[in-house]
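Note sheet for the following structure.
Numbering (the numbering used here), first residue to last: 789 to 987.
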């Protein structure tokens with residue numbers, strides 16, 4: 789049974805004064821696969837906070853405006869995680885950027901016609917168990933419908949079975965598996981399953 793959600797507020801974007809919290813939520817959710825390339829945490833957060841683009845996000849806040857959950861998406865116009873080589877170099881220097889950028893590009897997923905690409909979903913530890921993940925997933929699907937798209941796509945890694953179970957409960961179907969092969973040690977997972985839900 790879903791917990792009470794009367795004090796939760798779904799919104800487009802995220803509060804600008806919660807930018808650092810948004811970066812921290814993203815890092816907590818995805819630091820496991822990005823840690824060797826963007827870490828340690830202080831450097832990763834210094835990179836992420838300024839490049840987060842609220843135009844490609846939906847969020848949930850509490851009654852006091854505190855950020856509790858965040859979902860990003862990607863279109864031909866941009867993505868939740870923006871930034872370029874210059875932004876990366878400001879944190880890691882150019883020598884560090886030159887080897888990090890090609891490896892990070894391996895995680896890039898191309899936008900496809902008529903499909904909204906989900907670009908990460910994360911919920912604050914203190915807010916888990918209240919149905920925020922489900923709320924954000926439904927909001928992403930509603931965003932796809934608002935844009936007259938036919939489906940939402942996401943990729944779930946093999947080390948996150950709980951997330952996959954949630955996606956399956958919400959009507960996402962597996963469409964294929966991509967394996968990392970010898971690079972699995974770098975990203976902390978061996979394969980990612982592509983999942984889609986029609987809208």
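For each residue, glycine too, the CB sits at the ideal point set by N, CA and C. Keep in mind the model is a prediction, meaning the values are calculated, not measured.
Query: Other residues of its chain near residue 879: CB distance less than 6 angstroms, five sequence neighbours each side excluded; Result: 831, 834 and 835
Query: Selected residue, minimal CA-CA separation from residue 799, among 849, 984 and 894; Result: 849
Query: CB of residue 801 within 8 angstroms of CB of residue 843, strictly; Result: yes
Query: Rounded distance between the beta-carbons of residue 920 and residue 868, thought under 8 angstroms; Result: Wrong, their Cβ atoms sit about 17 angstroms apart, outside the cutoff.
Query: Close-in-space but distant-in-sequence residues of the same chain around residue 945 (CB under 6 angstroms, 5 per side omitted); Result: 977 and 980
Query: Outcome for residue 829 when other beta-carbon atoms lying within 10 angstroms are tallied against a minimum of 16; Result: exposed
Query: Within 8 angstroms, strictly: CB atoms of residue 845 and residue 811; Result: no
Query: Sequence-distant residues of the same chain with beta carbon closer than 6 angstroms to residue 790, five excluded per side; Result: Because residue 790 sits at a pLDDT of 43, beneath the cut-off of 50, its placement in the model cannot be relied upon, and the following sentence gives the value as read from the coordinates. Result list for residue 790: 919, in chain order.
Query: Cα-Cα separation, residue 818 to residue 804; Result: 21 angstroms
Query: For residue 844, three-class secondary structure by DSSP; Result: helix
Query: Completely contained alpha helix (DSSP H) runs for the region 899-956, where each covers 4 or more residues; Result: 920-934
Query: Beta-carbon contacts of residue 987 that lie in its chain and below 7 angstroms, excluding the five residues immediately before and after; Result: 929, 932, 933, 937, 938, 939 and 940
Query: Residue burial classification, residue 962 (beta-carbon count within 10 angstroms, cutoff 16); Result: exposed
Query: Of the listed residues 985, 917 and 911, nearest to residue 813 (C-alpha basis); Result: 911
Query: Three-state secondary structure assigned by DSSP to residue 987; Result: coil
Query: Same chain, Cβ closer than 8 angstroms to residue 841, five either side skipped, listed in chain order; Result: 866, 867, 868, 869 and 870
Query: CA nearest to the CA of residue 797, picked from 815, 820 and 858; Result: 858
Query: Residue 798 - DSSP class collapsed to helix/strand/coil; Result: strand
Query: Cβ distance (whole Å) where residue 825 is taken to contact residue 892 below 8 angstroms; Result: 6 angstroms
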